[in-house]
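Numbering (our numbering), first residue to last: 113 to 433.
Report on the following structure.
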């Protein structure tokens, strides 16, 4: 009898232990399920598209230049050029020397393309911001144009960084050290012809020419915007063929090549100044500058010219894009 009671008691204890183990197992399984439900899904998701409001893409830092592996000092010594350009706000370092008319035309053309693409991207961004949120279809179209323009600009920036060390994170100065000034002439419907007017052999000579030319153009702008000295006196009608000496000239065309400049905002050299409106008669200062330009550079500012850069030095320093 006592043996049966002990067996029953042991069975009850065993059943209780098994029940407790089952409850513990269920609790652990429940907790694991909760933890798994809280973890993020591991499935790969496509990367979101860049926001249309991000106007300019990131620009790669300049790594390679045409003179790979050379420091600014080594490159300067090899090419006989200054390694740095002093500036009150920070010195510029030599990063590339571009030799040959075609190579310089290619560089400046690329710079102009990048500049125009940046302007288009900024314009599209402003257009997107100004489009009402209710115009969903139009905003989607603009956003698509922005993303396409950004991809194109990014590709061009990668090319510029690889070949010239160019980056939107830097400011630049392009210094001409050799250039040819050509006089462009044409008669009637004949094909325009070019004649060498002057050959620039160093940066100082070109800089002096540029200074005189800019002074002449500035005087022409001031004269054209000034009111007439005697407005009460009637003016004679202009002749059918105006005398060449009484017409303020168009500026020299630089064959898609920019003049020496510091690209502080656009990061590219400036374009040639716009043509000046015709003036009634050049001032004495303008005539004096014209005579100086003719004497020193065989440059007549009343005629059409073209500048071909043959050797330029590209300098850079860190700055804001």
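Built from N, CA and C at the ideal position, the CB exists for glycine as well.
Could you tell me whether the Cβ atoms of residue 277 and residue 428 are closer together than 8 Å?
In this structure, residue 428 lies closer than 8 Å to residue 277 by Cβ.
Let me know the alpha helix (DSSP H) ranges lying completely inside the stretch 192-260, each 4 residues or longer, listed in chain order.
213-242
Would residue 219 and residue 210 be called neighbours here (beta carbons separated by less than 8 Å)?
yes
Counterpart residues of residue 307 in DSSP-defined beta bridges
In DSSP, residue 307 forms a bridge with 295.
Looking only at its chain, what residues have a beta carbon closer than 7 Å to the beta carbon of residue 386, apart from the 5 residues adjacent to it on each side?
For residue 386, the predicted model reports a pLDDT of 40, less than 50, meaning its position is unreliable; a value from the coordinates is still stated below. Here the set comprises nothing.
If you count every other CB in all the chains shown that lies within 10 Å of the CB of residue 325, and 16 or more means buried, which is it?
buried
Three-state secondary structure (DSSP) of residue 288:
strand
How big is the Cα-Cα spacing for residue 244 and residue 321?
About 51 Å.
Endpoints, the beta strand (DSSP E) within which residue 407 is located:
Careful: residue 407 lies outside any beta strand (DSSP E), inside the alpha helix (DSSP H) at 396-409.
So, with DSSP's three-state summary, where would you put residue 268?
Note: residue 268 maps to helix in three-state DSSP.
With C-beta atoms as the reference, is residue 419 less than 8 Å away from residue 328?
no
Should residue 204 and residue 197 be called a contact, given that it needs their Cβ atoms to be closer than 8 Å?
yes
Can the beta-carbon of residue 265 be found closer than 8 Å to that of residue 229?
yes
Confirm, please, whether the CB-CB distance from residue 398 to residue 464 is below 8 Å.
Lying outside 113 to 433, the shown extent of the chain, residue 464 is not represented and no answer is given.
Go ahead and label residue 279 buried or exposed: buried means 16 or more other beta carbons lie within 10 angstroms of its beta carbon, across all protein chains shown.
buried
Along the chain, where does the alpha helix (DSSP H) containing residue 318 start, and where does it finish?
315-337
Would you list the residues sitting across from residue 424 in a DSSP beta bridge?
210, 288
Please state the DSSP three-state secondary structure of residue 275.
Here residue 275 carries a helix assignment [DSSP, helix/strand/coil].
Go ahead and label residue 271 buried or exposed: buried means 16 or more other beta carbons lie within 10 angstroms of its beta carbon, across all protein chains shown.
exposed
Identified DSSP bridge partners for residue 430:
Its beta-bridge partners are 282.
Smallest Cα separation from residue 290: which of 317, 395, 408, 422?
422
Near residue 185, what residues of its chain come up, given a Cβ to Cβ distance below 6 Å and the 5 sequence neighbours on each side ignored?
195
Quick check on residue 262: buried or exposed, where buried means 16 or more other Cβ atoms within 10 Å of its Cβ?
buried
Rounded separation between residue 216 and residue 255 - CA only:
35 Å
Return the CA-CA distance between residue 396 and residue 199, expressed in angstroms with no decimal places.
Distance between the alpha carbons of residue 396 and residue 199: 35 Å.
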